[in-house]
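In what follows, a single structure is set out as C-alpha cells and then discussed.
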C-alpha cells in the first residue's frame with residue numbers, strides 16, 4: 002500500500018525537506034524551533050530512506066527520480082530559495098544603527114520608495130541599455146550565425162570556434178581592453194579624427210565632446226560585445242537544424258531569396274532568437290562591469306547602484322529592495338515575453 | 360611587485376576549515392604554493408608573524424635588485440611578515456570587515472592603514488585595539504602635529520603611515536596651459552575630461568575650499584550644501600568623466616583626463632619620465648590627510664606590530680619609504696636622511712612642504728556621526744552609483 | 096540582373112559576417128598586443144616598445160599566479176559537485192514525467208532568469224545572517240555550485256533527451272544488477288553530455304566575477320585579482336596569462352578542425368569507392 006504511493010511520498014518528502022532548508026537558511030524561526038525543523042528534516046529524509054530500503058522494487062522505482070534529484074534540489078533550496086527569501090526580508094527591514102549588522106523586520110516599505118526615488122534613473126538606463134544591446138546582438142549575431150550555418154561548409158566548426166574563442170579570455174580583461182581601444186587617444190578615435198568623421202558620430206550621439214569612451218554608446222557597445230555569443234549561439238543552433246532542402250524547395254517555389262528567408266528560414270529560427278534574447282537581456286540588465294569601466298557618472302545602471310549600496314554604503318535594506326525590484330520586473334518581463342513569443346521552453 | 364614568499368605558519372594549530380579560509384587570504388598575500396604547504400604542515404611562527412594590509416603602491420618595493428623595507432625588516436627583526444595591498448578604498452574595506460568585526464570576530468590582518476577619518480570611526484566603534492606603544496621606543500620620532508590628533512584624541516590607537524595632500528593633477532599636453540585653481544576643474548573647455556576621487560573628503564574638500572568654506576571647522580551639512588550643488592551640476596552637465604579611486608592615474612597618463620583631483624605622491628612617483636603630468640596644490644587650498652596604522656580588534660601578534668612600528672619610525676628606514684612613495688612622512692628627521700639619498704627630493708615642497716605650501720593645506724574637522732552620514736549619502740547620490 | 100543583385104547580396108552578407116568576426120577579435124588583438132608591451136612605470140595602457148620579457152616570465156606576479164591557482168581550485172571543486180548534482184537531476188527528469196516535474200523545471204530555470212547581481216547579493220545576505228561559515232573559499236564554492244547546477248541539469252537533459260531507455264530495461268531483463276546497468280549501459284551513454292556540461296560549468300565558474308565579488312570575503316580569485324589590479328595597475332602578465340589561455344584554445348580548435356577534415360576526407364574517399 003505504502004509502496005504503491007511511494008511517488009507521492011517521495012515528492013512530499015522532497016518538498017518538506019526543501020521547505021525545512023529554506024526555513025533554516027532564511028531564519029524563519031529562532032533558537033529551539035530550528036532544532037525542531039532540523040529534526041523534521043532528518044526524519045523525513047530518513048523515512049524515505051527506510052521506505053526505499055524495505056519497500057520493495059516497485060517503491061524503489063517510484064522513489065528513484067526523487068532520490069536522484071534530492072542533492073541538487075536541496076542545494077538549490079538552501080542556497081537559492083532561502084537567499085531570495087532573506088533578500089526580500091531584508092528589503093523590508095531596518096538597520097539597528099548605521100554600522101550595525103543587525104536587521105529588524107519592520108515592513109519597511111520606504112526602502113522601496115527610496116529605491117525608486119533615488120535610483121529610478123538607474124533602473125531606466127539598465128532596461129534601456131540592455132534592450133538596445135539585445136537588439137544590436139541580433140543585428141550583428143544573426144547574419145554571422147546565418148553565414149556560418151548556411152555557407153560555412155566544411156569550415157563550419159572552425160568558424161563557430163572562432164566566434165567562441167574571444168570569450169575564453171576573462172570578461173573583465175575584454176572589457177578593460179575596450180577601454181583602451183575606445184580611449185581619447187586610442188586607435189578608433191584617432192581613425193575617426195583622420196577621416197573627419199567625429200562630427201558625424203557626434204551628430205549620431207555616439208560620441209560626446211569628441212570622446213567615445215565613457216559615453217552611453219560605449220556602455221551599450223560593451224554590453225553588446227560581451228553578450229553577443231549568448232545571442233549568436235542559440236540562433237546558430239536553430240538555423241543549423243533547418244533542412245537545407247527546405248530552403249532549396251522554397252527557392253524553387255518563391256524564386257527570390259528574400260522571400261525564402263522571410264517565409265521559411267526566419268520563422269524556423271525564431272526559437273533561437275527567443276532564447277538568445279533572454280540569455281542576453283537578463284544578464285545585461287543586471288550588469289555593472291561595463292558601466293563601470295566604459296561609462297560615466299551619468300550612465301550608471303541599477304547593477305552599479307546595487308553593488309555600491311551593498312559593498313560600499315553598507316545599506317543592505319535599500320540594496321535588497323533594488324535587487325528585489327530588479328528580479329521581479331525581469332521575471333514579469335520574461336513571463337510577458339514568453340506569453341507573446343514563447344514557443345519552446347527555455348533551455 | 361615582489362612580495363616575500365616565505366610566509367610560513369602564522370598561528371598553530373589550524374583547523375582544516377581555517378586552513379581553507381586562510382589559504383584564500385594568503386592568495387592575496389601572494390604566498391607561493393610551497394608556502395601554503397608549509398603553512399599546512401605547521402611549524403610555528405607563532406606570535407612572531409605579521410600581516411599588514413596596506414594601500415597599493417605605498418611602500419618601497421623589492422624588485423630590480425632593490426631591497427624593500429619589508430625585506431630589511433624581516434632581516435633585522437626575524438619577524439615573518441606578510442605585506443598585502445588589498446586596501447583599495449575606505450568604504451569598500453569597511454563594508455568587507457564590518458560583518459566580521461561587528462560580530463566580534465577577528466579579521467586576518469594584524470595591521471591596516473585606513474585614512475584618518477575611517478580610523479576615527481573604527482576607534483569609536485571599538486573595533487581596534489590599543490597599539491603596544493610602550494614597546495615602541497621610536498614613538499618619540501612622531502611629528503608633533505600628529506600627536507593626539509582629532510581622530511584619535513588619546514593617541515593610543517593609531518600611528519600615521521604616510522600623510523599627503525589632495526590637489527589637482529593634470530596633463531599639460533591636454534590642458535595646454537598650467538592650472539592653478541580648483542575653479543579650473545569646472546572650466547567648460549575641459550568638459551568630459553575631468554576626474555574626481557571617490558574619496559569624499561578630498562573631492563569635496565577642494566570644492567569647499569574654493570567656495571571659501573573652512574573645512575577645519577565645518578560641522579553641519581548646510582555649510583557644504585553649495586559645494587554639493589556645484590558638484591551635482593558639473594556631473595549633470597557632463598563635465599565629470601568619472602569618479603575613481605587609485606586608477607585615476609591611468610586616465611591621466613593616457614590623456615582621457617585633462618585634469619583631476621589627485622594625490623601628491625602618485626603624481627611625483629611617475630617621475631621624470633612623465634613631465635607632462637603635473638601636480639599643484641590649488642590656490643584656494645588642498646586637503647591634508649593621513650593614512651594611519653591601526654590594529655583590528657583581537658590581533659595576537661602585538662610584539663611583531665611593535666617591532667614594525669619601531670622599524671618604520673626610525674628616520675633612516677622611513678627615508679627609504681619616503682624616497683619611493685614621495686608622500687609626507689610623519690617621522691621626524693626624515694628630511695635629513697632623504698637629503699643623503701636624493702638631495703633634490705629633500706627640497707621638493709610637495710614632499711617636504713615649505714611654509715607657503717603648508718599654509719594652503721587644510722585638514723578636515725572630525726564630523727559627527729550623523730553629519731558624516733549626510734555627507735556620505737549626498738556624495739554617493741552624486742557619484743551616481 | 097536579378098542574379099547579379101542576389102550575388103551582391105550574398106557577398107554583402109559574407110562581408111558583414113567577416114566584419115562581425117573582426118569585431119569579435121578586436122579586443123583580443125589588443126590583449127595579445129599589449130602582452131608584448133614594455134610598460135613605462137606601472138601602467139600598461141600606452142604602447143611603448145616591443146619586449147618578450149613578459150612572456151619569458153609569465154608567473155613573476157606572484158599574487159596573480161596565486162589568484163589563478165585559487166580560481167582553478169574553486170572551479171574544479173565546484174564543477175565536480177555541480178556536475179554530479181546536475182546530472183542526477185537530468186537523469187531523473189529525462190526518464191518519465193512524474194509528479195511535480197513542472198515545478199522542478201521551473202525551479203531549474205529560475206536561476207537562469209535571475210540576474211547575477213541578485214543571485215550574488217541574495218546569497219551574501221544568507222551568509223551574513225548565519226555564523227557557521229565566514230566569507231571565503233567555501234562560500235565561493237557554494238555560490239558557484241548554486242548557479243552551475245541549473246546549467247548542468249539543463250545541458251545534460253538536452254543532450255540525453257533522445258536516449259533509448261529500453262536499453263536499460265533490456266539490461267535489467269538480462270539479469271544485470273542496477274549498479275551494473277548504470278555502470279555499463281547508462282553511464283557510457285550519458286557521458287558525452289555530462290562532459291560537455293562539466294566544461295560549460297567550469298567555464299562559467301572560472302570567469303565568474305559578479306557573484307564571486309559578493310561572496311568572496313578576502314579570498315581573491317583570478318577575476319577579482321584583475322578587478323583589483325585594474326584600479327591600480329594592470330601588469331602585462333595579465334595579458335600574457337590571458338593570451339596563453341587563448342592560444343591554448345585556438346590550438347585545440349585547430350587540432351579538432353584538422354582531425355574533422357581528415358575524417359571528412361576519409362568519408363569522401365569511402366563514398367567515392369562505393370560509387
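Residue numbers (the working numbering), protein chains in the order written: chain D, 2 to 348; chain Y, 360 to 744; chain X, 96 to 370. Even glycine gets a Cβ: it sits at the ideal position worked out from N, Cα and C. Just so we're clear, the structure is a prediction, and the values are computed from it rather than from any experiment.
- Residue 519 (chain Y): member of the beta strand (DSSP E) spanning 518-530, first to last residue.
- At least one beta carbon of chain X lies nearer than 9 angstroms to the beta carbon of residue 15 (chain D).
- Under the Cβ criterion of 9 angstroms, residue 466 (chain Y) is counted among the residues facing chain X.
- For residue 324 (chain D), the nearest beta carbon of chain X is closer than 9 angstroms to its own beta carbon.
- Taken in chain order, the members of the region 319-331 of chain X whose beta-carbon sits within less than 7 angstroms of a beta-carbon on chain Y are 323, 325, 326 and 327.
- For residue 129 (chain D), the nearest beta carbon of chain Y is not closer than 9 angstroms to its own beta carbon.
- Identification of chain X residues near residue 287 (chain D) by a Cβ-Cβ cut-off of 7 angstroms yields 210, 211, 212 and 213, ordered along the chain.
- Closer than 7 angstroms at the C-beta level to chain Y, one finds these residues of the region 229-262 of chain X: 229, 231, 232 and 233.
- DSSP places residue 621 (chain Y) inside the beta strand (DSSP E), whose first and last residues are 618-622.
- Neighbours of residue 135 (chain X) across chain Y, judged by C-beta separation under 8 angstroms: 632 and 633.
- DSSP places residue 414 (chain Y) outside both helix and strand once states are collapsed to three, so it counts as coil.
- Under the Cβ criterion of 9 angstroms, residue 170 (chain D) is counted among the residues facing chain X.
- In this structure, residue 313 (chain X) and residue 467 (chain Y) form a Cβ contact; the two beta carbons are roughly 6 angstroms apart against a cut-off of 8 angstroms.
- Just measuring C-alpha positions, the residue of X:324, X:103 and X:206 sitting nearest residue 85 (chain D) is X:206.
- Contact between residue 95 (chain D) and residue 284 (chain D) is absent: CB atoms are separated by about 31 angstroms, not below the 8 angstroms threshold.
- The shortest CA-to-CA distance from residue 590 (chain Y) to any of Y:522, Y:562, Y:607 and Y:441 is the one to Y:562.
- Apart from sequence neighbours up to five positions away, the residues of its chain that approach residue 716 (chain Y) with a beta-carbon distance below 8 angstroms are 640, 708 and 709, ordered along the chain.
- A buried status is given to residue 243 (chain X), since no fewer than 16 other beta-carbon atoms sit within 10 Å of its beta-carbon.
- At a cut-off of 9 angstroms between C-beta atoms, residue 223 (chain X) counts as an interface residue with respect to chain Y.
- For residue 541 (chain Y), the CB contacts under 6 angstroms within the same chain, skipping 5 residues up- and downstream, are 565, 569, 641 and 643 in chain order.
- The DSSP-derived three-state label of residue 198 (chain D) is coil.
- Annotated three-state conformation of residue 302 (chain D) is coil, per DSSP.
- With a beta-carbon spacing of about 5 angstroms, residue 169 (chain D) and residue 344 (chain X) fall inside the 8 angstroms limit used to define contacts.
- One thing to note: residue 182 (chain D) has its Cβ no nearer than 9 angstroms to the Cβ of residue 120 (chain X).
- Using a Cβ distance threshold of 9 angstroms, residue 212 (chain X) and residue 191 (chain D) do not count as a contacting pair.
- Within 8 angstroms of the CB of residue 97 (chain D), no CB atom of chain Y is found; the nearest one sits about 11 angstroms away.
- DSSP places residue 233 (chain X) in the helix class (H, G or I) of the three-state scheme.
- Distances from the CA of residue 581 (chain Y) to each of Y:552, Y:494, Y:726 and Y:678 were compared; the closest alpha carbon is that of Y:726.
- Under the Cβ distance rule, residue 101 (chain D) counts among the residues neighbouring chain Y, one pair being separated by less than 9 angstroms.
- For residue 647 (chain Y), no chain X residue has a C-beta closer than 9 angstroms to its own C-beta; the minimum C-beta separation is roughly 23 angstroms.
- For residue 605 (chain Y), the nearest CB of chain X lies under 9 angstroms from its own CB, placing it at the interface with that chain.
- For residue 141 (chain X), the residues of chain Y that pass the 7 angstroms Cβ criterion are 612 and 613, in the order they occur in the chain.
- Along the region 157-178 of chain X, none of the residues has a CB nearer than 7 angstroms to a CB of chain D.
- Taking 9 angstroms as the cut-off, the beta carbon of residue 619 (chain Y) is found no closer than this to the beta carbon of residue 548 (chain Y).
- Look at residue 109 (chain D) here: in three-state DSSP terms it is coil, with no helix or strand label.
- Taking one beta carbon from each stretch, the region 70-78 of chain D and the region 185-203 of chain X have 3 or more pairs nearer than 8 angstroms; the two touch.
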